[in-house]
Amino acid sequence: MRESAASASGCSNFPAWVLLDTVAKIGRCKNETTAQGTTSAGLHIEVSFELVDPPGLSRCVIYCPESDLTARNSKTPPSPSPSACITGADGAFLLVRVFFPERDGRPMFTDVFVYRAGPGTPSLYLLPQPYPVHLLSNYVGVLSCGGGDASEHCLVVVPERWIGPDHRLMYDLQVFSTKTQSWSTKDARFDPTKVFSVAGGSLAWVDVRSRILLCKEVDDDPEMLLIQLPALMGANVQEFGVDSDDCSPPMDPIRDVTFRNGRFRFIEMESLVLLSDSTSQRPWTAAMFERKVCSEDWERCCSVDSNDLMPADSCFPYLFPEIYDYEEKKLTLNRVVSFLPTLDQ
1 MRESAASASG CSNFPAWVLL DTVAKIGRCK NETTAQGTTS AGLHIEVSFE LVDPPGLSRC
61 VIYCPESDLT ARNSKTPPSP SPSACITGAD GAFLLVRVFF PERDGRPMFT DVFVYRAGPG
121 TPSLYLLPQP YPVHLLSNYV GVLSCGGGDA SEHCLVVVPE RWIGPDHRLM YDLQVFSTKT
181 QSWSTKDARF DPTKVFSVAG GSLAWVDVRS RILLCKEVDD DPEMLLIQLP ALMGANVQEF
241 GVDSDDCSPP MDPIRDVTFR NGRFRFIEME SLVLLSDSTS QRPWTAAMFE RKVCSEDWER
301 CCSVDSNDLM PADSCFPYLF PEIYDYEEKK LTLNRVVSFL PTLDQ
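In the UniProt record's numbering, the protein residues as written are 1 to 345.
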């Protein structure tokens, strides 16, 4: 965990980063990291941190004097299950889950808080209920929204799977934004358009809109890897980008992905005029990218412009009147609509 409370409080005694114990300590620790809030039952709660230089283990400290949390910790032997824990961290944000036991006829309940270390005074935000079913699981993510440690907002992301009408396993993302202070449901779409084998006993499913899902070592110990495709080329955004309904048209007409000689290869065509435009010229460009499985980024290896392509000498004009440019007195590919780029395997 990178600790931003140092810059937030103006104190130079905090380490630049820490190793944080995910099991919180129950007690009180009033210092520059302390943030205060209110539980869903209206109880006062404080979250603080005891920070030490790595490799020492820093601790989160929870204080809730009106609940049974602090009392149980001081009067009875510790429970094998923690009363509070850290379930996610990114930038200046941490996700803190606190369990409140049954007391005085009040049923037990669990609250989830977002702790922000800075900039400014540390803050504690209670996520509003009702919670998604899987918010209390251990695979909930928190994502700082731009600016890293200086970000003022974050997203809490809860993956939820369900069986679709065609009996396929589907995933949704339940997303809470501290900026809008509301929950929303995002469709985690992955619609493979092709599948092929990859050297070394692996399989790759390709959704040409956005990504490659690679399953490595299928026979032995399968491992899944998600590889993002390059962003849409500029002229394709209008026709093939996501619309207001979060939908986009098929991208097979402009994209293709293959694997050869230890590298993924990706191609995209970019038309320089819209199909709806009334013109006899349809110029286009195409760019090809490559990357190894273990690489971090795609490398642009070549590009081509339709204006630079010339038919072979064996192509006689009278055999191809559709692509003959009578003004330029030559054959040109710009007089036909070109799509479905296909890379050799």
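By construction, the Cβ of each residue, glycine as well, lies at the ideal position given by its N, Cα and C atoms.
State the DSSP-derived secondary structure class of F14, mapped to helix, strand or coil.
-> Here F14 carries a coil assignment [DSSP, helix/strand/coil].
Which same chain residues, not among the five before or five after D21, have their C-beta less than 6 Å away from its C-beta?
-> A distance below 6 Å between beta-carbons, with the five flanking residues on each side excluded, links D21 to the following residues of its chain, in chain order: L57 and R59.
Out of curiosity, what's the CA-to-CA distance linking residue 375 and P65?
-> Because the chain in this structure spans residues 1 to 345, residue 375 falls outside the shown range and cannot be described.
Within 7 Å, strictly: CB atoms of F176 and L213 = At least 7 Å separates the beta-carbon of F176 from that of L213.
Quick one: any contact between the region 171-188 and the region 224-231, if contact means 3 or more CB pairs under 8 Å?
-> Inter-segment contact for the region 171-188 and the region 224-231 is absent: fewer than three beta-carbon pairs are separated by less than 8 Å.
S306 and P283: beta carbons closer than 7 Å?
-> Taking the C-beta atoms as reference points, P283 is found nearer than 7 Å to S306.
Reduced DSSP secondary structure (H/G/I, E/B, other) of E217 | Three-state DSSP puts E217 in coil, outside helix and strand.
Would you please state the rounded distance, in angstroms, between the beta carbons of Y131 and F113? I believe it to be under 8 Å.
-> The pair is not a contact, with the Cβ atoms about 12 Å apart (cut-off 8 Å).
Same chain, Cβ closer than 6 Å to V142, neighbours up to 5 away in sequence not counted | Cβ contact annotation for V142 (same chain, cutoff 6 Å, sequence separation greater than five): G88, D90, F93, L95, C154 and V156, in chain order.
What are the boundary residues of the alpha helix (DSSP H) that includes F240?
-> Unbroken alpha helix (DSSP H) run through F240: V237 to F240.
Give the range of the beta strand (DSSP E) segment to which V195 is assigned.
-> For V195, the uninterrupted beta strand (DSSP E) run begins and ends at K194 to V198, by DSSP.
R97 in three-state terms, based on DSSP = Residue state, collapsed to three classes: strand.
Alpha carbon to alpha carbon, how far is R211 from P192? Give it in angstroms, no decimals.
-> Straight-line Cα distance between these residues: approximately 9 Å.
May I ask you to report which of helix, strand or coil DSSP gives R209?
-> Coil at R209, not helix or strand.
Got a sec: is the Cβ-Cβ distance from S184 to anything in chain B below 7 Å?
-> Going by chain labels, chain B is absent from the structure shown, which holds only one protein chain.
To the nearest angstrom, how far is it from the Cα of residue 371 to the Cα of E50?
-> Since the first and last residues shown for the chain are 1 and 345, residue 371 lies out of range.
DSSP-derived helix/strand/coil call for P78 = Confidence at P78 is low in this model, with a pLDDT of 46, below 50, so the placement of that residue should be treated as unreliable; the coordinate-derived value is given next. Looking at P78 - three-state DSSP - the assignment turns out to be coil, as it is neither helix nor strand.
CA-CA distance, P137 and S83?
-> It is Ser, not Pro, that sits at residue 137 in the sequence shown. Distance between S137 and S83, taken at the CA atoms: about 15 Å.
Is L309 helix, strand or coil by DSSP?
-> L309: coil per DSSP, three-state reduction.
Measure the CB-CB distance between I254 and M288 and report whether it falls below 7 Å.
-> The answer is no: Cβ separation not under 7 Å.
Any idea what DSSP makes of L203, helix, strand or coil?
-> Looking at L203 - three-state DSSP - the assignment turns out to be strand.
Count the other CB atoms within 10 Å of the CB of L343; is the residue buried (16 or more) or exposed (fewer)?
-> Label assigned to L343: exposed.
Please classify H44: does DSSP put it in a helix, a strand, or coil?
-> Three-state DSSP puts H44 in a strand.
Would you mind stating whether L203 and A188 have Cβ atoms separated by less than 7 Å?
-> No, they are not a contact pair.
So what's W162 in DSSP terms, helix, strand or just coil?
-> Note: W162 maps to strand in three-state DSSP.
In the DSSP assignment, what residue or residues form a beta bridge with Y63?
-> Paired residue(s): E46.
Could you pull the start and end residues of the beta strand (DSSP E) that T33 belongs to?
-> Run containing T33: none; DSSP gives neither H nor E here.
Beta-carbon contacts of R209 that lie in its chain and below 7 Å, excluding the five residues immediately before and after | Answer for R209: S248 and M251, listed in chain order.
Please determine, among G201, A235, L232 and Q238, the residue with the shortest C-alpha to C-alpha distance to D220.
-> Closest by alpha carbon: G201.
Figure out for me which residue from A117, Q238, A41 and T38 has the closest Cα to the Cα of L272.
-> Minimum Cα distance to L272 is reached at Q238.
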